[in-house]
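No gaps in the numbering here: position 69 of the sequence shown is 55 in the working numbering, and each next residue is one more. Beta carbons are placed, not taken as given, at the ideal position from N, Cα and C, and that holds for glycine. Written below as structure tokens is the structure these notes are about.
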Amino acid sequence: MKKIALLGAAHIHTPDFVRRLLARDDFNVVGVWDHDTDRANSNAEKFECRICSSVDELLALDALDAVIVCSETNRHEQILDKVAEAGKHCFVEKPLGMGKADSERMEKKLTDAGVLFQTGYFNRSRPAYRKIKELIDSNTFGKISRIRLNNYHAKNLKEGFEGWLWMTDLNQAGVGAFGDLGTHVLDILLWFMNDLEAVTASFSSPLSRYPDCDESGEALLKFKSGVVASIAAGWVDLDMPLTAEVSGTKAYAYVMKDDLYLVSDDIKDAHGKSPFEDVPERLPHAFELFLDSVHSGEKTNLVSPKEAAYRSTVMEAIYEAASTRKWVNVEPYHQ
């Protein structure tokens, strides 16, 4: 049985990770740390484990294999410096950093340490997105003209972020609604395409629920190949039926809920009238993939530290573009 510990419990996805860990019998949660005593106590009770008084104390726990970092984003670097030095595998909630500078420093230390790394980009596991990537990589779409990706929910229209207010503070989170949810579709877009050239964006706060925090937004991204893409995200939408569109000279695809619809004269049954059935299997959730990798020791279907850092770099550029109302150039991703 592997030993794992929780380093920070601030992120809104923490309860889901706790549930997933409690459902498994191959991990023993041996410690919890959080600078917030109530959060530390609450999560330690669920695991019936030790409460640590510091990051150092937690990382020194006997035979510790891995950690889950769910702290506020502005605490990631100080925590991950110690995680890398201790050589512990780590799942780090998205986004990796506040922007380009801290993310690249963390990426270098984690890469040099050679530890397993994962972050919460769960959309890569979805069959529809896996099929679209397969079709893009095989040039089945032909010349792609545009891509549209959406990720939004109704959190701000309903209960809001009581209990998770730090996520509405850009000084702690680095981003607002657009960055929180938009990072998932940004990840998918950059997973599809690797020749980004420039970005621009516009945000809005229709409810003005939290000071200086965007609640919705849309970004345009230009690629050197000629593709123009848009990503939309926010906390103020009642539903999210259409999540993706990819249009090319030889094929057109869209994702409705979890179903892929495909139109192409070159692909059997790609008539667009019903969901396309020839899709890959659904992979486990990103968090489960990390836990499985800790057991196997293999980097299978994991997001690399470099990929995570680049997404923080691009998101920082998107926020700069929204603030200045200009296009901001971004260096393309280099393997």
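By the 10 Å Cβ neighbour count, where 16 or more other Cβ atoms means buried, how is residue 285 classified, buried or exposed? exposed
Please report how far the alpha carbon of residue 69 lies from the alpha carbon of residue 304, in whole angstroms. 29 Å
Determine the burial state of residue 141: buried for a count of at least 16 other Cβ atoms within 10 Å of its Cβ, exposed for fewer. buried
I need the DSSP call for residue 203, collapsed to helix, strand or coil. strand
Exposed or buried, which one is residue 291 when buried takes at least 16 other CB atoms within 10 Å? buried
Following the continuous alpha helix (DSSP H) through residue 121, name the residue where it begins and the one where it ends. 113 to 123
Could you give the distance in angstroms between the alpha-carbon of residue 310 and the alpha-carbon of residue 198? 15 Å
Any alpha helix (DSSP H) of 4 or more consecutive residues that is wholly inside the region 47 to 99: 62 to 72 and 86 to 99
Thinking just about the alpha-carbon of each residue, which of 301, 295 and 9 is nearest to the one in residue 167? 301
Please report how far the alpha carbon of residue 213 lies from the alpha carbon of residue 158, in whole angstroms. 34 Å
DSSP three-state assignment for residue 138, whether helix, strand or coil: strand
Pairwise C-alpha distance: residue -3 and residue 143: 20 Å
Rounded to the nearest angstrom, what separates residue 263 and residue 273 at their Cα positions? 26 Å
Element boundaries [beta strand (DSSP E), containing residue -11]: -12 to -7
Three CB pairs or more closer than 8 Å across the region 187 to 205 and the region 225 to 236: no
For residue 189, report the span of its beta strand (DSSP E) as first-last. 182 to 190
Indicate whether residue 280 and residue -12 have their beta-carbon atoms separated by less than 7 Å. yes
If you count every other CB in all the chains shown that lies within 10 Å of the CB of residue 73, and 16 or more means buried, which is it? exposed
Residues bridged to residue 242 [DSSP beta-bridge criterion]: 228 and 245
Of the choices 9, 61, 202 and 25, whose alpha-carbon is the least far from that of residue 81? 61
For residue 214, which residues does DSSP report across the bridge? 132 and 208
Rounded to whole angstroms, what's the CA-CA distance from residue 183 to residue 294? Just pull it up for me. 18 Å
By how many angstroms is the C-alpha of residue 318 removed from the C-alpha of residue 139? 30 Å
Is residue 57 buried or exposed, if buried means 16 or more other CB atoms sit within 10 Å of its CB? buried
Where the alpha helix (DSSP H) through residue 280 begins and ends: 272 to 282
Through-space distance from residue 181 to residue 315, alpha-carbon basis: 12 Å
Ordered along the chain, which non-local residues of its own chain (more than five positions away) have a Cβ less than 6 Å from that of residue 134? 216 and 231
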